[in-house]
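Below you'll find the structure, written out as structure tokens, and then a few comments.
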Amino acid sequence: MPLTLDEVRHIAQLARLKLSRAEEQLYASQLSDILDHVQRLQSVDTSQLPPTASVLPLTAPLRPDETRPSTPRQALLANAASVDDGMFQVPPVLGSDP
Amino acid sequence: MPTLVHLGLNEAASLLRSGEITSTELTRACLDRIEALDDQIHAFLALTPDLAQQQAEAADARFAEWRANGGDPPSAVCGIPTAVKDVLCVEGIQATAGSKILEGYRPTYTATSVARLIDQGMVVLGKTNTDEFAMGSSTENSAFGPTHNPWDTTRVPGGSSGGSAAAVAAGFSPLALGSDTGGSIRQPAAFCGVTGIKPSYGRVSRYGLIAYGSSLDSVGALAHSAADLAPVFSVMAGHDPLDSTSLREPVPEPAHDVSDLAGLAIGVPDEYFIEGLQASIADAVRAAVDVMRNLGATVTAISLPHTDLALPVYYLVAPSEASANLARFDGIRFGPRAEAPNLLESYLETRGGLFGPEVKRRIMLGTYALSAGYYDAYYGQAQRVRTLIKHDFDQAFEQVDAIACPITPTTAFTIGEHGDDPLSMYLEDVFTLPANLAGVPGLAFPVGFDAEGLPIGMQLLGAPLAEPVLFRAAQAYQSVTAWHKEHPDL
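Protein chains in written order, with numbering that gives the first Met the number 0: chain C, 0 to 97; chain B, 0 to 489.
Okay, structure coming up:
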């Protein structure tokens, strides 16, 4: 079940990955091979099986709501590509359509 | 002064305690050897000589204090130079995860597993090479070039903890830290002829480990022997309030004086001795099992009937989790950013330009498996089949205490051998993936060499939290064999 180039472009857009034309071709072929391989799971009857999301019993542990020091703002901002006035600076979300 | 290169951790620890060597000398010897020889190996992405010097001096002060005043001796890890896989955060030291998307990133905190060892006096030598975001089986997926196997530099060291395994094998450090999501400690341990522990899921905190597959990731270590790893594991393990999946069960003390294996039941699964398994690996693993039988263990054939489904399950579950985890790398809070007129273009350019091919492949595979219309058929079905794989182990551990099996179908392959065929690379992981899907611990150790002089490893798998059983069996095996004492000539 080969992936089409349009499907690869759609997935790449969802994953926020810009691909070259050559990459689109390559991933269409490689991802199709991988999907062919995993196809064998479809023949397993799992109608009576619960899913395993984690091997541990998942709980939401609670902790006392106590104040404690957090990482200083300046230390966190130091890793950012662009900061302004103590905040992360990002390109405009709206406008400047691609 | 004894030769410092290739000292095991416990040997080094006893020389440090007796005062025959200092951590400063040992650390300097490691750094000198790395500087002289790592051009051939490329185990390290970065060295931290200033931090190492400072930590070594602090360790020496601890020993001096203990000698003067008595009390409990410093930990076995005190003063031990250690190579840290570059997916584990150390405060202020660049962490790249083998990726250009994190170039320049300096974490503001230290991973709990690493911090616990540093508290006990461990010395950080530097950060080791890894497949990008731990996605790979050879370190060829590192954005900074591959690591070379110290036994044959035309071959891969395995991966993704290939830099860490190569560092121990090359005599660069007696201890290295790694992570194992689908075999990333055990497989490079096998390829490089060293010993590695992949703990049970939840046994060691994942806080500060750059996440790949969160239901599969575990933090562990590599060294020259199981006895060397036992005290390291005891320090790293245990509950951490910063990782809600870390287990609260008490951590056992490492065992001493392991002389026989009376009462230990070992199972050998038929499904791991399949067509495609190199004959010399099958022979070496069976011979190692015979050694353990002679030490008093009972050995029975067992079945893990769904083993062949682990590969398709893993290559849906892990990429799905990765596609979610790696969404955070967007050029806003850390790492370089491609400038673009708007936010969407900036995301597309930054991620498309800075993630490497394997990471993009897995993100897309996971995005597809989780997308509307495909979720149940791919991700949902994989999670249900994962239940079968876990059942296999649950049932096996009702019969036996440990499972002995091969780690890899072949010994170390050559750099470039899998070229542009990712599926053929994935098939290398067929024997290591089931343990991660079931969350069970694995201990990898050398059991021989093939005709070309390349190391052969085997793994012992245990029930969740049965690490002490694995350490006992491997320590007993290594007390009567010498494979783990062999090292390559560099």
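Ideal placement from N, C-alpha and C gives every residue a C-beta, glycine not left out.
Everything numeric in this text was worked out from a predicted model, so none of it was measured.
Starting from residue i and walking both ways along the beta strand (DSSP E), at which residues does that stretch end?
i        : result
C:Leu7   : Here residue 7 of chain C is Val; the residue named in the question, Leu, does not match the sequence. Run containing C:Val7: none in the beta strand (DSSP E); it sits in the alpha helix (DSSP H), Leu4 to Leu13.
B:Asp179 : Leu174 to Asp179
B:Gly266 : Ala264 to Pro268
B:Thr299 : Thr297 to Ile301
B:Val83  : Pro80 to Lys84
B:Ala403 : Ala401 to Pro405
B:Ile455 : Pro454 to Gly461
Can you have a look at residue i and say buried or exposed, based on whether 16 or more other CB atoms are within 10 angstroms of its CB?
i        : result
C:Arg39  : exposed
B:Glu64  : exposed
C:Met86  : exposed
B:Asp179 : buried
B:Asn293 : exposed
B:Glu19  : exposed
B:Val479 : exposed
B:His305 : buried
C:Pro68  : exposed
B:Ala58  : buried
B:Thr491 : Outside the modelled stretch of chain B, which goes from 0 to 489, sits residue 491 of chain B, for which no answer is possible.
C:Ser42  : exposed
B:Pro487 : buried
C:Val92  : exposed
C:Arg72  : exposed
B:Arg66  : exposed
B:Leu241 : exposed
B:Lys197 : buried
C:Pro97  : Here C:Pro97 scores only 47 on pLDDT, less than 50, and its place in the model should not be relied on; the value that follows carries that caveat. The residue is exposed, with fewer than 16 neighbouring Cβ atoms inside 10 Å.
B:Asp37  : buried
B:His495 : With chain B represented from 0 up to 489, any question about residue 495 of chain B goes unanswered, as that position is not in the structure.
C:Thr3   : exposed
B:Gly415 : exposed
B:Asp49  : exposed
B:Glu320 : buried
Hey, could you find the ends of the alpha helix (DSSP H) residue i is sitting in?
i        : result
B:Met291 : Ala278 to Asn293
B:Phe444 : Not the alpha helix (DSSP H): B:Phe444 falls in the beta strand (DSSP E), residues Gly441 to Phe448.
B:Phe62  : Pro48 to Asn68
B:Val358 : Pro356 to Ala368
B:Lys389 : Gln380 to Gln398
B:Cys29  : Ser22 to Ile40
B:Asn9   : Leu8 to Ser17
B:Asn435 : Leu432 to Ala437
B:Leu422 : Pro421 to Tyr425
B:Asn324 : Ala309 to Asn324
B:Val479 : Glu466 to Val479
C:His36  : Arg20 to Val37
B:Thr349 : Leu342 to Leu353
B:Phe190 : Arg185 to Cys191
B:Ser163 : Gly161 to Ala168
C:Gln73  : Arg72 to Leu76
Kindly give me the distance between the Cβ atoms of residue i and residue j, rounded to whole angstroms, as I take these residues to be in contact under 8 Å.
i        : j        : result
B:Phe444 : B:Pro405 : With 8 Å as the limit, B:Phe444 and B:Pro405 do not qualify as a contact, their Cβ atoms being about 12 Å apart.
B:Leu460 : B:Ile402 : 4 Å
B:Gln277 : B:Thr413 : In fact, because the Cβ distance is near 14 Å, the residues do not count as touching under 8 Å.
B:Asp428 : B:Gly182 : 5 Å
B:Thr138 : B:Asp151 : So it is not a contact: roughly 15 Å between Cβ atoms.
B:Gln398 : C:Thr51  : Between C:Thr51 and B:Gln398 the Cβ distance is about 22 Å, and since that is not below 8 Å, they are no contact.
B:Ala337 : B:Gly355 : Contact flag wrong, Cβ pair sits at about 15 Å.
B:Leu3   : B:Ala35  : In fact, because the Cβ distance is near 13 Å, the residues do not count as touching under 8 Å.
C:Leu75  : B:Thr107 : 6 Å
B:Pro253 : B:Pro230 : 5 Å
Along the segment 434-461 of chain B, what residues have a CB closer than 7 Å to any CB found in chain C? Ala437 and Gly438
Contact residues within the segment 347-360 of chain B, judged by C-beta distance below 9 Å to chain C: Leu347, Glu348, Thr349, Arg350, Gly351, Gly352, Phe354, Pro356, Lys359 and Arg360
For the segment 80-97 of chain B, enumerate the residues whose C-beta is nearer than 9 Å to any C-beta of chain C, in chain order. none
Continuous alpha helix (DSSP H) assignments of at least 4 residues falling wholly in the segment 196-238 of chain B: 225-235
If we require 4 or more residues per run, which alpha helix (DSSP H) segments fall completely within the segment 102-141 of chain B? 111-118
Can you give me, in chain order, the residues of the segment 306-321 of chain B that have a beta carbon less than 8 Å from any beta carbon in chain C? Leu308, Leu310, Pro311, Val312, Tyr314 and Leu315
Closer than 9 Å, Cβ to Cβ, to anything on chain B: give me those residues from the segment 49-77 of chain C, in chain order. Pro49, Pro50, Thr51, Ala52, Ser53, Val54, Leu55, Leu57, Thr58, Ala59, Pro60, Arg62, Thr70, Pro71, Ala74, Leu75, Leu76 and Ala77
May I ask you to list, following chain order, the residues of the segment 40-51 of chain B that have a beta carbon less than 8 Å from some beta carbon of chain C? none
Taking only beta carbons into account, state which residues of the segment 176-205 of chain B come closer than 7 Å to chain C, listed in chain order. Tyr200 and Gly201
Near-chain C residues of the segment 333-344 of chain B (beta-carbon distance less than 8 Å), N- to C-terminal order: Phe333, Gly334, Pro335, Arg336, Glu338, Ala339, Pro340, Asn341, Leu342, Leu343 and Glu344
Mind listing which residues of the segment 363-374 of chain B have their C-beta closer than 7 Å to chain C's C-betas, in chain order? Met363, Leu364, Thr366, Tyr367 and Ser370
Where the segment 5-36 of chain C meets chain B: residues whose CB sits under 7 Å from a CB there: Ile10, Ala11, Leu13, Ala14, Arg15, Leu16, Lys17, Leu18, Tyr26, Gln29, Leu30, Asp32, Ile33 and His36
Chain-ordered residues of the segment 100-123 of chain B with a beta carbon less than 8 Å from chain C: Gly103, Tyr104, Arg105, Thr107 and Tyr108
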